[in-house]
Amino acid sequence: KFVLKKALDLKLKPVVIINKIDKPAARIEEVKDEISDLFLELATEESQLNYPIYYAIARDGRAGKTENLDDDLHVIFESIINDIPSPKVDEDSEKGLQLLVASLASDSYLGKYAIGKIFRGNIKHGQSVKIMKTHFTDGEPEITTENGKVDKIFVYRGLGKEEVNEAFAGDIVAVTGIPSANIGDTIAAFDNPEALPTIELEPPTLSIYIGPNTSPLKGQEGEFTTSRQISDRLHKELETNIALKIAQDGLGYKVSGRGELHLSVLIETMRREGYELEAGRPEVVYKEIDGKKCEPFEDLTIEVTPEYVGAVSQELGIRKADLIAQEITSGGAVRFTYEISTAALIGLRNSLMTDTKGTVIMSSIPKGYRPVEGKYKPERNGVLISFETGTSTAYALDMVQARGILFIPPQVPVYQGMIVGLSNKKEDIDINVCREKQLTNMRTHASDGAIQLTPYTNLSLEQCLDFLLDDELLEVTPKSLRLRKRQLDPIKRKREARS
Numbered sequence: 001k002f003v004l005k006k007a008l009d010l011k012l013k014p015v016v017i018i019n020k021i022d023k024p025a026a027r028i029e030e031v032k033d034e035i036s037d038l039f040l041e042l043a044t045e046e047s048q049l050n051y052p053i054y055y056a057i058a059r060d061g062r063a064g065k066t067e068n069l070d071d072d073l074h075v076i077f078e079s080i081i082n083d084i085p086s087p088k089v090d091e092d093s094e095k096g097l098q099l100l101v102a103s104l105a106s107d108s109y110l111g112k113y114a115i116g117k118i119f120r121g122n123i124k125h126g127q128s129v130k131i132m133k134t135h136f137t138d139g140e141p142e143i144t145t146e147n148g149k150v151d152k153i154f155v156y157r158g159l160g161k162e163e164v165n166e167a168f169a170g171d172i173v174a175v176t177g178i179p180s181a182n183i184g185d186t187i188a189a190f191d192n193p194e195a196l197p198t199i200e201l202e203p204p205t206l207s208i209y210i211g212p213n214t215s216p217l218k219g220q221e222g223e224f225t226t227s228r229q230i231s232d233r234l235h236k237e238l239e240t241n242i243a244l245k246i247a248q249d250g251l252g253y254k255v256s257g258r259g260e261l262h263l264s265v266l267i268e269t270m271r272r273e274g275y276e277l278e279a280g281r282p283e284v285v286y287k288e289i290d291g292k293k294c295e296p297f298e299d300l301t302i303e304v305t306p307e308y309v310g311a312v313s314q315e316l317g318i319r320k321a322d323l324i325a326q327e328i329t330s331g332g333a334v335r336f337t338y339e340i341s342t343a344a345l346i347g348l349r350n351s352l353m354t355d356t357k358g359t360v361i362m363s364s365i366p367k368g369y370r371p372v373e374g375k376y377k378p379e380r381n382g383v384l385i386s387f388e389t390g391t392s393t394a395y396a397l398d399m400v401q402a403r404g405i406l407f408i409p410p411q412v413p414v415y416q417g418m419i420v421g422l423s424n425k426k427e428d429i430d431i432n433v434c435r436e437k438q439l440t441n442m443r444t445h446a447s448d449g450a451i452q453l454t455p456y457t458n459l460s461l462e463q464c465l466d467f468l469l470d471d472e473l474l475e476v477t478p479k480s481l482r483l484r485k486r487q488l489d490p491i492k493r494k495r496e497a498r499s
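My numbering puts the first residue of the sequence shown at 1, with every later residue one more than the last.
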């Protein structure tokens, strides 16, 4: 839905292909009706309701205008040529270069690549150009220019790219030597610079605190641990991931992105690269519209089997989501459509995956902003907190496992203030998970029984981020994920809670 909306807004001509028509669960006619409804909802012109439909089994390389498929994909290639208009370009090189940057790439050898289509003129190796940037002040566009010089030019051939000395209108090129170029900028002729309409990017909806690890175990598992190293890595990410926004926040950084997945992918990537850091709970990025504080909302679609309808309805009711539609699919599943705030969406996927035993299918797209009516507060039991620093023991864990769900196994390092489990009660409980059994000469049958621990819950990165409350942090290292309290000292923590 999101991609189609963007395509129709740009007046592009879509070609619809219904794939996997050989599957036993294929519902071709139902899918055609859903596609028709989608176009009716999103189309801005009557001509956009006329679109070709083709059927395919992509795995076999077959497609056709009907369900009786041809032996190849020739019909789709013909449709691309006949149904999709040729790109509009101005081949008059005397008017000067116009190249709209649509994507970015980077490597350690040539640095930053500005990737885009040449709409007018041509571009040459060593050519001096103007980089035209569009900024919006109170909704009004303001254009600034910078000087630049083209280093290398690459054009795309099949799946690879080939270096050339010159490229022309209509070519999609990757240009190096212009490190200041960003998505939406126009690379224009030096003597006659004219800007193209900029590409509008979706604003960030969530932010998260990322900073250097401050736990007692810092520096033991990661290669890059300092604030400066984390800063350099985050700013390097901005070269190709411009939907990201970074601002200084104490010793760390407030990183804003377009959703929970966007931010968790960044943290997981840094973790695999050897970075050691700590992260806070994701927070909603609010926006002021007409003097009112507004929060982002999203359209949420959920599909579950009938046995889990009650669990889904209960969870969405707690999160104050508005039910827009409910229907039964041809396969017998129930499909819900909700409007829900982005704040209430945090942690929903993991909750529903647990409630439905991993069978839920859900997706969401941004809908817009609404005035804040009341801040959503996640409900969660208290946590089990270690008040000793040392190594966890099976003996101690056996004594505390009746108090809640454990997050750690025996024989792992723990420290004071580290969260080791979820409590059965609403209050946090400080416990000792490092206690060892006192050896004596007295033995009884009852006391010498084998210890049987309930399997611990190993949370993923996304589950850890969803679990956090405002007074908690996630310690991220290449080898471990550890939940902890911001204030490790239990006495100071209780004093702060009272104040």
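Built from N, CA and C at the ideal position, the CB exists for glycine as well.
Hey, ASP232 and GLY347: beta-carbon distance below 8 angstroms or not?
-> Position 232 of the sequence shown, counting from 1, holds the residue named residue 232. Position 347 of the sequence shown, counting from 1, holds the residue named residue 347. Not a contact, by the Cβ cut-off of 8 angstroms.
Assuming PRO212 and THR389 form a contact by the criterion Cβ under 8 angstroms, report the distance between their Cβ atoms to the nearest whole angstrom.
-> Indexing the sequence shown from 1 puts residue 212 at position 212. Indexing the sequence shown from 1 puts residue 389 at position 389. Contact doesn't hold; Cβ gap of about 20 angstroms is too wide.
Whole angstroms is fine: what's the gap from SER86's alpha carbon to PRO141's?
-> Translated into positions along the sequence shown, residue 86 becomes position 86. Translated into positions along the sequence shown, residue 141 becomes position 141. Each residue's alpha carbon lies about 29 angstroms from the other.
When we look at the beta-carbon of ALA497 and count the other beta-carbons within 10 Å, is it buried (16 or more) or exposed?
-> Residue mapping note: residue 497 aligns to position 497 of the sequence shown, counting from 1. The residue is exposed, with fewer than 16 neighbouring Cβ atoms inside 10 Å.
Would you tell me roughly how many angstroms separate the C-alpha atoms of ALA402 and LYS492, rounded to the nearest one?
-> The residue labelled residue 402 in the question sits at position 402 within the sequence shown. The residue labelled residue 492 in the question sits at position 492 within the sequence shown. Taking the straight line from one Cα to the other gives about 27 angstroms.
Rounded C-alpha distance that separates ASP249 from GLU276 = On the sequence shown, residue 249 is found 249 positions in, with the first residue counted as 1. On the sequence shown, residue 276 is found 276 positions in, with the first residue counted as 1. Cα-Cα distance, rounded: 18 angstroms.
For GLU223, three-class secondary structure by DSSP | Here the question's residue 223 lines up with position 223 in the sequence shown. Looking at GLU223 - three-state DSSP - the assignment turns out to be coil, as it is neither helix nor strand.
So the alpha helix (DSSP H) ASN122 belongs to, where does it begin and stop?
-> For the purposes of this step, residue 122 is taken as residue 122 along the sequence shown, with counting starting at 1. No alpha helix (DSSP H) holds ASN122; the beta strand (DSSP E) holding it covers 122-124.
What's the gap between the Cα of THR305 and the Cα of THR342?
-> For the purposes of this step, residue 305 is identified with residue 305 of the sequence shown, where counting begins at 1. For the purposes of this step, residue 342 is identified with residue 342 of the sequence shown, where counting begins at 1. THR305 and THR342: Cα-Cα distance of roughly 25 angstroms.
Is it right to say LYS130 is buried, meaning 16 or more other beta carbons lie within 10 angstroms of its own, or is it exposed?
-> Within the sequence shown, the letter at position 130 stands for residue 130. Looking at its Cβ environment, which holds 16 or more other Cβ atoms inside 10 Å, LYS130 is buried.
Does at least one heavy atom of the ligand ATP sit under 7 angstroms from the Cβ of PHE154?
-> As for the ligand ATP, it is missing from this structure, which has no ligand bound.
Nearest-angstrom Cα distance between LEU12 and ASN182?
-> Translated into the one-based positions of the sequence shown, residue 12 becomes position 12. Translated into the one-based positions of the sequence shown, residue 182 becomes position 182. Spanning the two alpha carbons is a distance of roughly 23 angstroms.
Would you kindly report the start and end of the unbroken beta strand (DSSP E) that includes ASN147?
-> Sequence index remark: in the sequence shown, residue 147 carries index 147 (1-based). Here the beta strand (DSSP E) through ASN147 covers 140-149.
On the DSSP bridge assignment, give the partners of GLY252 in chain order.
-> For the purposes of this step, residue 252 is taken as the residue at position 252 of the sequence shown. Note: GLY252 sits in a beta bridge opposite ASP249.
SER180 versus LEU397, PRO490, ALA105, residue with shortest Cα-Cα distance = Counting from 1 along the sequence shown, the entry for residue 180 is found at position 180. Checking every option, the nearest Cα to that of SER180 belongs to ALA105.
Put LEU159 into one of helix, strand or coil per three-state DSSP.
-> Counted from its first residue, the sequence shown places residue 159 at position 159. In the structure shown, LEU159 sits in coil (DSSP, three-state: anything other than H, G, I, E or B).
Are GLU194 and GLN98 touching if we call contact CB-CB under 8 angstroms?
-> Numbered from 1 along the sequence shown, position 194 holds the residue referred to as residue 194. Numbered from 1 along the sequence shown, position 98 holds the residue referred to as residue 98. Yes, the Cβ-Cβ distance between GLU194 and GLN98 is below 8 angstroms.
Should the segment 51-63 be regarded as contacting the segment 13-20, the criterion being three or more beta carbon pairs within less than 8 angstroms?
-> yes
Taking Cβ to Cβ, would you say LYS149 is nearer than 8 angstroms to LEU110?
-> Residue 149 sits at position 149 when you count from the first residue of the sequence shown. Residue 110 sits at position 110 when you count from the first residue of the sequence shown. No. Outside cutoff.
Count the other C-beta atoms from every protein chain shown that fall within 10 angstroms of the C-beta of ALA25, then say buried if there are 16 or more, exposed otherwise.
-> Taking the sequence shown and counting its residues from 1, the one referred to as residue 25 is at position 25. With fewer than 16 other Cβ atoms within 10 Å, it is exposed.
Would DSSP call SER47 helix, strand or coil?
-> For the purposes of this step, residue 47 is taken as residue 47 along the sequence shown, with counting starting at 1. Helix.
Compute the distance between the beta-carbons of ILE118 and ALA169, then report whether it is under 8 angstroms.
-> Taking the first residue of the sequence shown as 1, we reach residue 118 at position 118. Taking the first residue of the sequence shown as 1, we reach residue 169 at position 169. Against a cut-off of 8 angstroms, the Cβ pair of ALA169 and ILE118 comes out as a contact.
ASP430 to ASP299 span [Cα, whole Å] = Along the sequence shown, read from residue 1 onward, the residue named residue 430 stands at position 430. Along the sequence shown, read from residue 1 onward, the residue named residue 299 stands at position 299. Taking the straight line joining both Cα atoms gives about 41 angstroms.
Excluding sequence positions up to five away, which residues of its chain have a Cβ less than 6 angstroms from the Cβ of SER386?
-> The residue given as residue 386 occupies position 386 in the sequence shown. VAL414, MET418, VAL420, VAL433, listed in sequence order.
Decide if the segment 262-277 is in contact with the segment 218-236; the criterion is three or more beta carbon pairs, one per stretch, under 8 angstroms apart.
-> yes
Determine the DSSP secondary structure at PRO204, reduced to helix, strand or coil.
-> Here residue 204 refers to the residue found at position 204 of the sequence shown. Looking at PRO204 - three-state DSSP - the assignment turns out to be coil, as it is neither helix nor strand.
On a CA-only basis, which of VAL284, ASN424, TYR395 is nearest PRO501? Give me that one, please.
-> No answer is possible for residue 501: the residues shown for the chain start at 1 and end at 499.
Helix or strand or just coil, what does DSSP make of ALA189?
-> Taking the sequence shown and counting its residues from 1, one reaches residue 189 at position 189. Three-state result, ALA189: strand.
Note down the Cα distance separating LYS88 from ARG120, rounded to an integer number of angstroms.
-> Residue mapping note: residue 88 aligns to position 88 of the sequence shown, counting from 1. Residue mapping note: residue 120 aligns to position 120 of the sequence shown, counting from 1. Distance between the alpha carbons of LYS88 and ARG120: 9 angstroms.
Flag this pair as yes or no: are the beta carbons of GLY257 and LEU244 separated by less than 8 angstroms?
-> The residue labelled residue 257 in the question sits at position 257 within the sequence shown. The residue labelled residue 244 in the question sits at position 244 within the sequence shown. Yes, the pair counts as a contact, with Cβ atoms nearer than the cut-off.
Through-space distance from VAL15 to GLY64, alpha-carbon basis | Position 64 of the sequence shown, counting from 1, holds the residue named residue 64. Position 15 of the sequence shown, counting from 1, holds the residue named residue 15. The alpha-carbon atoms of GLY64 and VAL15 are separated by roughly 13 angstroms.
If you follow the alpha helix (DSSP H) that TYR395 is part of, which residue opens it and which one closes it?
-> As a working mapping, residue 395 is identified with position 395 in the sequence shown. 394-400 is the extent of the alpha helix (DSSP H) around TYR395.
Whole-Å CB distance - LEU206 paired with LEU263, under 8 angstroms assumed = Taking the first residue of the sequence shown as 1, we reach residue 206 at position 206. Taking the first residue of the sequence shown as 1, we reach residue 263 at position 263. Indeed, because the Cβ distance is near 6 angstroms, the residues count as touching under 8 angstroms.
Whose C-beta lies closer than 6 angstroms to the C-beta of ARG335 among residues of the same chain, with five residues either side of it excluded?
-> Indexing the sequence shown from 1 puts residue 335 at position 335. Around ARG335: GLU303, GLU327, THR329.
Could you have a look at ILE84 and say whether DSSP puts it in helix, strand or coil?
-> Walking along the sequence shown from the start, residue 84 turns up at place 84. If DSSP states are grouped into helix, strand and coil, ILE84 belongs with coil.
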